[in-house]
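Q: So that we are looking at the same thing, I have put the structure below in structure tokens.
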Amino acid sequence: MRSLKAQHSSLADAHEQVAIIERGRTGDFALVPFQQNLEGSNLYPLKPTEVQIFQVNIGKMCNQVCKHCHVDAGPDRKEIMTRETMQRCLDVLQANDQLQTVDITGGAPEMNPDFRWFVEEVSKLKRNIIVRCNLTIILANKKYHDLPLFYKEHNAEVVSSLPFYTQDRTDRQRGNGVFEDSIKALQMLNDVGYGKEGTDLQLNLVYNPAGAFLPPSQQALEKEYKQALKQRFGIDFNNLYVITNMPISRYLDYLLTSGNYEAYMEKLVNAYNPVAALNVMCRNTISVGWDGYLYDCDFNQMLELKVHCQGQHISDFNIADLNNREIITGQHCYGCTAGSGSSCGGAVA
Amino acid sequence: MSEHYYNSKDLAKFGNIADFQKELGEKFFSYYSEVFKDSELSAREKSLIALAVAHAVQCPYCIDAYSSDAFEKGWSEGQMMEAVHVAAAIRGGASLVHGVQMMNKVKEIAM
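First to last, the protein sequences are chains A and B. Mapping to numbering that gives the first Met the number 0: the first sequence position 303 is 302, numbers consecutive. Mapping to numbering that gives the first Met the number 0: the second sequence position 20 is 19, numbers consecutive.
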């Protein structure tokens, strides 16, 4: 499987995606506009509470090609953040104490040759570090085998996707052999103390539906995951985050080609929850793209919807402007407000 | 009058049954939502039971709803089909066990 970009798919174009998300394939698919629901919840225009989480996407390169990936990441994607841009991020962090959490994502962020340098430098600034690790990267090459120790050295919180605790659902979404390698990687993380009682090394897993449906209750599913992974593989972890798939990029492609797009969007819209809308992650997060541009979230980043304020690049970062901006919303935002809500930290309502 | 007795879009209108009899409709939906909550049995287990019963009563709306719900709640295709076989076995058994009644009658009248 190759990325949409490598396939020259029309969906590799962000504008094409936005057009479909807003009006459907034929241009006449009308659902309640997200803005209307926000207005009904007294949340329009959507404004930040306070930017505290600095999420950095350091590249689209990945060793996996997952069917639901909103980044359209893969081995054929070469867009990665340079050390110069990373240095600008560090300068921003140095100047803005309120950015207490640095959330590093990708692609597989570890494939960026400056990943370790960046983590070391962020660590010197005494910030909470989150690394979104796809697990299989740890086994992908000998040079990555020591990643669990590296994360431990910098007390990084590891957040990893494991779409299910069985092989069939995981491999169907993330590729053959991913489940087996993910289990081995989780055991390696446990071996250095991650997810174990008595350590503060946080290992959190992410569930996302392997199909055109919404996630179940986070609390109930976490219990099942803990039981199944412990019994079958002796694995411990801290929390399970359930995340709704966003109708963007490869997941959008899946919805369209499987004939599920309209029904899925209706499901999202019907499940709009004002409490989830109140707590959406874009209200306290700023997302930095591989090329240094700023976005309200990783999803807006993939749709190339830059922040609505003067400084749109890391080199023009202005925390006051960002705290006062209007967050750009669209029909895709229903993905974060459906049911119990969805964020990089799981359910929000 | 619609062309078919069953229309998949009618499932979304289930709540409308309260339009003609508000009190009973509301009582039913309140009871329904209480039944499917986590309790002695988990909501997940109840979903699989509902799937089997849906097949036993052959309700297309229920099959549609609980195929999605059970799959969303993490039951595998194999587990879901086994639940359908449980319904089929009970329905089949329900017919066959009446064979005893047939045998009794035949024995009663036969020489």
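Beta carbons are placed, not taken as given, at the ideal position from N, Cα and C, and that holds for glycine.
Can you tell me which of the three DSSP states L293 of chain A falls into?
A: On the first sequence, residue 293 of chain A is found 294 positions in, with the first residue counted as 1. Reduced to three states, the DSSP call for L293 of chain A is strand.
Q: Is P47 of chain A close to chain B? Criterion is C-beta to C-beta, closer than 7 Å.
A: Translated into positions along the first sequence, residue 47 of chain A becomes position 48. For P47 of chain A, the answer is no, since every Cβ of chain B falls outside 7 Å of its Cβ.
Q: Hey, out of A:G329, A:L228 and A:L213, whose CA is closest to L204 of chain A's CA?
A: Taking the first sequence and counting its residues from 1, one reaches residue 204 of chain A at position 205. The shortest C-alpha separation from L204 of chain A is found at A:L228.
Q: With a CB to CB cut of under 7 Å and the five nearest residues on each side skipped, what residues in its chain are close to T135 of chain A?
A: Taking the first sequence and counting its residues from 1, one reaches residue 135 of chain A at position 136. Hits under 7 Å: N62, Q63, V177, D180, S181 and A184.
Q: Using a Cβ cut-off of 7 Å, pull out every chain A residue sitting near F28 of chain B, in sequence order please.
A: Residue numbering aside, residue 28 of chain B sits at position 29 when the second sequence is read from its first letter. Neighbours of F28 of chain B on chain A: none; closest Cβ ~16 Å, over 7 Å.
Q: Let me check one thing: in DSSP terms, what residues is I128 of chain A bridge-paired to?
A: Your numbering for residue 128 of chain A matches position 129 in the first sequence. In the DSSP assignment, the residues bridged to I128 of chain A are A:V101.
Q: Of all the CB atoms in chain B, is at least one closer than 7 Å to the CB of F212 of chain A?
A: On the first sequence, residue 212 of chain A is found 213 positions in, with the first residue counted as 1. Closer than 7 Å to some Cβ of chain B, the Cβ of F212 of chain A qualifies, so yes.
Q: Going by the beta-carbon positions, is the gap between I318 of chain A and V287 of chain A smaller than 7 Å?
A: Against the first sequence, residue 318 of chain A aligns to sequence position 319. Against the first sequence, residue 287 of chain A aligns to sequence position 288. In this structure, the beta-carbon distance from I318 of chain A to V287 of chain A does not fall below 7 Å.
Q: Any C-beta of chain A within less than 8 Å: which residues of the region 69-101 of chain B qualify?
A: F70, E71, K72, G73 and S75
Q: Please give me, in chain order, every unbroken run of the beta strand (DSSP E) with length at least 3 that falls completely inside the region 217-259 of chain A.
A: 239-241
Q: Taking only the alpha-carbon atoms, compute the straight-line gap between C335 of chain A and P208 of chain A and give it to the nearest angstrom.
A: Translated into positions along the first sequence, residue 335 of chain A becomes position 336. Translated into positions along the first sequence, residue 208 of chain A becomes position 209. If I take the Cα positions, the gap works out to 14 Å.
Q: Compare the C-beta of P246 of chain A with all C-beta atoms of chain B and state if any pair is closer than 7 Å.
A: Along the first sequence, read from residue 1 onward, the residue named residue 246 of chain A stands at position 247. No, P246 of chain A lies away from the interface with chain B (no Cβ there is under 7 Å from its Cβ).
Q: Give me the residue from A:E21, A:S216, A:I129 and A:R82 with the minimum Cα distance to I52 of chain A.
A: Working through the first sequence from its first residue, we reach residue 52 of chain A at position 53. Here the closest residue by C-alpha is A:I129.
Q: If you reduce the DSSP assignment to three classes, tell me which class K46 of chain A lands in.
A: Working through the first sequence from its first residue, we reach residue 46 of chain A at position 47. The answer is coil: DSSP assigns K46 of chain A none of H, G, I, E or B.
Q: With 7 Å set as the bound, which would you pick, yes or no: does the beta-carbon of P215 of chain A sit closer than that to a beta-carbon of chain B?
A: Indexing the first sequence from 1 puts residue 215 of chain A at position 216. Closer than 7 Å to some Cβ of chain B, the Cβ of P215 of chain A qualifies, so yes.
Q: On a CA-only basis, which of A:L321, A:M245, A:G291 and A:A270 is nearest R282 of chain A? Give me that one, please.
A: The residue you call residue 282 of chain A lines up with position 283 of the first sequence. It is A:L321.
Q: Counting C-beta neighbours from all protein chains within 10 Å, is the total for I234 of chain A 16 or more, i.e. buried, or is it exposed?
A: On the first sequence, residue 234 of chain A is found 235 positions in, with the first residue counted as 1. By the 10 Å Cβ count, I234 of chain A comes out buried.
Q: Give the secondary structure of I79 of chain A by DSSP, where H, G and I count as helix, E and B as strand, and everything else as coil.
A: Here residue 79 of chain A refers to the residue found at position 80 when the first sequence is read from its first residue. DSSP places I79 of chain A in strand when its eight states are reduced to three.
Q: Taking R24 of chain A and L255 of chain A to be in contact with their CB atoms under 8 Å, please state how far apart those CB atoms are, rounded to whole angstroms.
A: Start at 1 with the first residue of the first sequence, and residue 24 of chain A comes out as number 25. Start at 1 with the first residue of the first sequence, and residue 255 of chain A comes out as number 256. Confirmed, Cβ separation roughly 7 Å.
Q: E303 of chain A versus chain B: which residues are under 7 Å apart at the beta carbon?
A: As a working mapping, residue 303 of chain A is identified with position 304 in the first sequence. Under the 7 Å cutoff, chain B gives no residues; its nearest Cβ is about 32 Å from E303 of chain A.
Q: Counting Cβ pairs, one atom from each stretch, are 3 or more of them under 8 Å apart for the region 151-165 of chain A and the region 191-198 of chain A?
A: yes
Q: Among the residues of its own chain, which have a CB less than 7 Å from the CB of Y294 of chain A, if the five just before and after it don't count?
A: The residue labelled residue 294 of chain A in the question sits at position 295 within the first sequence. Around Y294 of chain A: S286, G288, Q300, L304, K305 and V306.
Q: Would DSSP call Q94 of chain A helix, strand or coil?
A: In the first sequence, counting from the first residue as 1, residue 94 of chain A sits at position 95. Residue identity differs from the one stated: residue 94 of chain A is Ala in this sequence, not Gln. If DSSP states are grouped into helix, strand and coil, A94 of chain A belongs with the helices.
Q: Return the residue from the list A:N111, A:T81, A:D113 and A:Q54 that minimises the CA-CA distance to L92 of chain A.
A: Here the question's residue 92 of chain A lines up with position 93 in the first sequence. The shortest C-alpha separation from L92 of chain A is found at A:Q54.
Q: For a contact meaning CB atoms closer than 8 Å, what does P208 of chain A contact in chain B?
A: Numbered from its first residue, the first sequence carries residue 208 of chain A at position 209. Those are E71, listed as they occur along chain B.
Q: In terms of residues, what are the limits of the alpha helix (DSSP H) holding E196 of chain A?
A: Stepping through the first sequence from its first residue, residue 196 of chain A is reached at position 197. Run containing E196 of chain A: none; DSSP gives neither H nor E here.
Q: Are the region 24-33 of chain A and the region 67-78 of chain A touching, with three or more C-beta to C-beta distances below 8 Å?
A: no
Q: Relative to the C-alpha of S122 of chain A, which candidate in A:L89, A:V17 and A:Q16 has its C-alpha closest?
A: If you number the first sequence from 1, residue 122 of chain A lands on position 123. It is A:L89.
Q: Note down the Cα distance separating P364 of chain A from Q311 of chain A, rounded to an integer number of angstroms.
A: Because chain A here runs from 0 to 348, residue 364 of chain A falls outside it and cannot be looked at.
Q: Could you spell out where the alpha helix (DSSP H) holding T169 of chain A opens and where it closes?
A: Locating residue 169 of chain A in the first sequence gives position 170, counting from the first residue. It spans Q166 to R173 - the alpha helix (DSSP H) in which T169 of chain A sits, taken as one unbroken run.
Q: Starting from Y206 of chain A, follow its DSSP beta bridges and name the residues at the other end.
A: Looking up residue 206 of chain A in the first sequence gives position 207. DSSP, once it has assigned bridges, lists A:V241 as partnering Y206 of chain A.
Q: Which whole-angstrom value describes the C-beta separation of L40 of chain B and M79 of chain B, a residue pair presumed to lie in contact below a C-beta threshold of 8 Å?
A: In the second sequence, the residue the question calls residue 40 of chain B occupies position 41. In the second sequence, the residue the question calls residue 79 of chain B occupies position 80. Approximately 17 Å separates the beta-carbon atoms of L40 of chain B and M79 of chain B; this is outside 8 Å, ruling out the contact.
Q: With C-beta atoms as the reference, is P214 of chain A less than 7 Å away from V241 of chain A?
A: As a first step, residue 214 of chain A is located in the first sequence; it is residue number 215 there, counting from the start. As a first step, residue 241 of chain A is located in the first sequence; it is residue number 242 there, counting from the start. Cβ atoms of P214 of chain A and V241 of chain A: closer than 7 Å.
Q: How would you label D96 of chain A, buried or exposed, when you count the other beta carbons within 10 angstroms and need 16 or more for buried?
A: As a position in the first sequence, residue 96 of chain A is number 97, starting the count at 1. So D96 of chain A counts as exposed.
Q: Return the CA-CA distance between V99 of chain B and S67 of chain B, expressed in angstroms with no decimal places.
A: As a first step, residue 99 of chain B is located in the second sequence; it is residue number 100 there, counting from the start. As a first step, residue 67 of chain B is located in the second sequence; it is residue number 68 there, counting from the start. Using only the alpha carbons, I get a separation of about 39 Å.
Q: To the nearest whole angstrom, what separates the beta carbons of M110 of chain A and G58 of chain A, a pair I think is in contact under 8 Å?
A: The residue labelled residue 110 of chain A in the question sits at position 111 within the first sequence. The residue labelled residue 58 of chain A in the question sits at position 59 within the first sequence. Correct: roughly 7 Å between the Cβ atoms.
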